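Right, one structure below, let's go through it.
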Amino acid sequence: DQQVKQNSPSLSVQEGRISILNCDYTNSMFDYFLWYKKYPAEGPTFLISISSIKDKNEDGRFTVFLNKSAKHLSLHIVPSQPGDSAVYFCAASAYYGGSQGNLIFGKGTKLSVKP
Amino acid sequence: DAGVIQSPRHEVTEMGQEVTLRCKPISGHDYLFWYRQTMMRGLELLIYFNNNVPIDDSGMPEDRFSAKMPNASFSTLKIQPSEPRDSAVYFCASSFVGSGETQYFGPGTRLLVL
């Protein structure tokens with residue numbers, strides 16, 4: 001059973017508009033969440049993260065929102081640019097007592113930003 | 001500074017052959033992860049090491065898969081014998097305590113088993 005779900009396999013947005021990518025999780029022990037971006041023929045690269053003690057984290061055009069009660073997080077990209085076209089993975093981790101936890105990934109959402 | 005290095009980038013082999021994938025983590029990183037990406041299952045963790053010691057190999061699909069980390073700068077993932085269903089992209093990633101949960105991925109090895 002998937003613990004991290006990205007229900008939209010693809011999303012198409014016009015350049016300059018907002019892109020909103022969604023992610024749901026089922027494990028209440030998750031306390032750290034990350035977004036990765038992946039271009040074709042490359043490995044995923046870290047984009048932004050959020051700890052469960054926060055509900056928002058912003059980095060330039062990228063903002064991640066966390067709603068713990070709904071077990072939901074979202075990534076907002078404003079404004080969207082054609083270079084943002086990639087597959088975005090949501091990932092979650094449970095950080096046990098100082099030990100590095102596993103990252104559980106969603107299946108990804110392919111974002112296409114059209115000029 | 002060099003990122004995670006994986007070799008080969010592409011591998012085509014025939015069913016039954018042995019396949020060895022290689023990874024060099026980022027210097028100073030003490031965690032190393034092997035992932036497999038397929039259309040059906042997405043990105044799934046196979047095994048990870050801390051200070052060269054395997055910590056969790058519960059994601060390794062079966063005994064045909066094995067992984068080693070003989071030193072801090074090198075790891076291998078071996079499939080013997082390979083099967084067509086092993087065709088996937090295999091990623092290696094590394095991280096360190098202090099990077100939070102952020103992992104740094106290599107470019108991947110695209111494996112095709114005929």
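Here the protein sequences line up with chains G and E, keeping their order.
According to our numbering, the residues represented by the first sequence are 1 to 115, in order.
According to our numbering, the residues represented by the second sequence are 1 to 114, in order.
The C-beta atom is built at its ideal place from N, Cα and C for all residues, glycine as well.
The model shown is predicted, which means the values in this text are computed figures rather than measured ones.
*Flag this pair as yes or no: are the beta carbons of Pro25(E) and Ser66(E) separated by less than 8 Å?*
As a first step, residue 25(E) is located in the second sequence; it is residue number 25 there, counting from the start. As a first step, residue 66(E) is located in the second sequence; it is residue number 66 there, counting from the start. Pairing Pro25(E) with Ser66(E) gives a Cβ-Cβ distance that is not under 8 Å.
*In or out: Gly97(G) buried (at least 16 other Cβ within 10 Å) or exposed?*
To locate residue 97(G), count along the first sequence from 1; it is residue 97. For Gly97(G), the predicted structure reports a pLDDT of 45, less than 50, and the residue's modelled location is therefore unreliable. The matter cannot be settled from this model.
*Please state if the CB of Val89(E) and the CB of Thr121(E) are separated by a distance shorter than 8 Å.*
Limits of chain E in this structure are 1 at one end and 114 at the other, which puts residue 121(E) out of reach.
*Kindly confirm or deny that the region 10-23 of chain G and the region 58-74 of chain G touch, where touching means at least three C-beta pairs closer than 8 Å.*
Short answer: they touch.
*asked:* I'd like the list of long-range same chain contacts for Ser75(E), defined as Cβ closer than 6 Å, with 5 residues on each side in sequence excluded.
replied: Taking the second sequence and counting its residues from 1, the one referred to as residue 75(E) is at position 75. Same-chain partners within the cutoff: Cys23, Leu32 and Met69.
*Tyr25(G): buried (16+ other C-beta within 10 angstroms of its C-beta) or exposed?*
For the purposes of this step, residue 25(G) is taken as the residue at position 25 of the first sequence. The C-beta of Tyr25(G) has 16 or more other C-beta atoms within 10 Å across all chains shown, which makes the residue buried.
*Can you tell me where the beta strand (DSSP E) with Leu114(E) in it begins and where it stops?*
Along the second sequence, one-based indexing puts residue 114(E) at 114. Segment: none, Leu114(E) is in no beta strand (DSSP E) and carries neither H nor E.
*Anticipated Cβ contact below 8 Å, Pro82(G) with Pro40(G), distance rounded*: Looking up residue 82(G) in the first sequence gives position 82. Looking up residue 40(G) in the first sequence gives position 40. Wrong, their Cβ atoms sit about 15 Å apart, outside the cutoff.
_Residue nearest to Thr45(G) in terms of C-alpha spacing, selected from Glu15(G), Leu34(G), Ile53(G) and Ser80(G)_ = The sequence position of residue 45(G) within the first sequence is 45, counting from 1. Ranked by Cα distance from Thr45(G), the options Glu15(G), Leu34(G), Ile53(G) and Ser80(G) are led by Leu34(G).
*Within the 8 Å Cβ cut-off, does Tyr90(E) reach chain G?*
Within the second sequence, the letter at position 90 stands for residue 90(E). No, because no Cβ of chain G sits closer than 8 Å to the Cβ of Tyr90(E).
*If you draw a straight line from the C-alpha of Met15(E) to the C-alpha of Glu58(G), how long is it?*
Translated into positions along the second sequence, residue 15(E) becomes position 15. Translated into positions along the first sequence, residue 58(G) becomes position 58. Between Met15(E) and Glu58(G), the C-alpha separation is close to 48 Å.
*Which of the three DSSP states, helix, strand or coil, is assigned to Pro84(E)?*
Counted from its first residue, the second sequence places residue 84(E) at position 84. Under the three-state reduction of DSSP output, Pro84(E) falls in the helix class.
*Option nearest Arg29(E) by Cα separation, candidates Pro107(E), Thr109(E) and Cys92(E)*: If you number the second sequence from 1, residue 29(E) lands on position 29. Reading off the sequence, residue 29(E) comes out as His, not Arg. Nearest of Pro107(E), Thr109(E) and Cys92(E) to His29(E), Cα basis: Cys92(E).
*Establish whether the CB of Pro107(E) and some CB of chain G are separated by less than 8 Å.*
Position 107 of the second sequence, counted from the first residue, corresponds to residue 107(E). So yes, Pro107(E) belongs to the interface.
_Could you tell me the alpha carbon to alpha carbon distance between Lys56(G) and Asn67(G), rounded to whole angstroms?_
The residue you call residue 56(G) lines up with position 56 of the first sequence. The residue you call residue 67(G) lines up with position 67 of the first sequence. The alpha-carbon atoms of Lys56(G) and Asn67(G) are separated by roughly 9 Å.
*asked:* Between the alpha carbons of Arg41(E) and Gln2(G), how many angstroms are there, rounded?
replied: In the second sequence, the residue the question calls residue 41(E) occupies position 41. In the first sequence, the residue the question calls residue 2(G) occupies position 2. One C-alpha to the other measures close to 10 Å.
*Express the C-alpha separation of Gln17(E) and Thr63(G) in angstroms, rounding to a whole number.*
Translated into the one-based positions of the first sequence, residue 63(G) becomes position 63. Translated into the one-based positions of the second sequence, residue 17(E) becomes position 17. If you take the alpha carbons of Thr63(G) and Gln17(E), they lie about 46 Å apart.
*asked:* For a contact defined as C-beta to C-beta under 9 Å, what are the partners of Asp56(E) on chain G?
replied: Along the second sequence, one-based indexing puts residue 56(E) at 56. Here the neighbours are Asn102.
*Arg36(E) to Ile53(G) span [Cα, whole Å]*: The residue you call residue 36(E) lines up with position 36 of the second sequence. The residue you call residue 53(G) lines up with position 53 of the first sequence. Pairing Arg36(E) with Ile53(G), the inter-Cα distance amounts to about 31 Å.
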